[in-house]
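Structure first, commentary second.
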Amino acid sequence: MSAIFYDILSINEILTSELRIRENEGILNIGLDKLKEILSQCKSELAKKYGSWENVGDPFVSLIKDMDDLSKIILEKKTDFPRNVRIYLCDALAYKLEDLAKIWDESDIE
């Protein structure tokens with residue numbers, strides 16, 4: 031697995047358990063910050079190779095955009111959604127992160 035995704039297991043653990051089990055917003059925020067770092071590194075690597083990270087096309091672009099959007103919704107819309115919906119969004123985010131790591135490893139980006 032690429033060095034960019036070295037922390038994927040702990041991030042996914044945070045995304046899938048903090049709201050569901052511990053209801054700990056602080057730890058969830060840490061996990062989302064780590065996710066933002068991963069996405070930033072991915073965008074940087076893609077930009078080096080393709081001129082802009084958006085030039086690489088799908089599935090990379092759609093996954094990264096989806097994760098950016100989901101992260102913002104989870105963080106900024108805390109009071110707009112019930113807890114169970116936010117848990118579902120965190121689960122979806124964890125799934126997309128795993129998918130990104132898998133296709134990244136299958137590609138020739140690094």
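Taken in order, the sequence shown gives residues 31 to 140; the numbers are from our numbering.
We put the beta carbon where it would ideally sit given N, CA and C, even for glycine.
With DSSP as the reference, label residue i as helix, strand or coil.
i   : result
A40 : The displayed chain sequence assigns Ser, not Ala, to residue 40. In the structure shown, S40 sits in a helix (DSSP, three-state: H, G or I).
G81 : coil
I34 : helix
A90 : First, the amino acid is wrong: residue 90 is Phe here, not Ala. Reduced to three states, the DSSP call for F90 is helix.
What separation, rounded to the nearest whole angstrom, lies between the Cα atoms of residue i and residue j?
i    : j   : result
E43  : G61 : 9 Å
E48  : E55 : 7 Å
E84  : R52 : 36 Å
W134 : D63 : 20 Å
D99  : S74 : 18 Å
E136 : V91 : 16 Å
Using C-beta distances below 7 Å, list every residue in its chain close to residue i, excluding the 5 sequence neighbours before and after it, in chain order.
i    : result
C120 : L45, T46, L49 and I104
D96  : K126
Please look up how many angstroms separate the CB atoms of residue i and residue j, rounded, as I've assumed it's under 8 Å.
i   : j   : result
I68 : I34 : 6 Å
C72 : I38 : Actually they do not touch by this definition, with Cβ atoms about 12 Å apart.
Going along the chain, which residues of its own chain have a beta-carbon closer than 6 Å to the beta-carbon of residue i, five neighbours each way excluded?
i    : result
A124 : N42, L45 and T46
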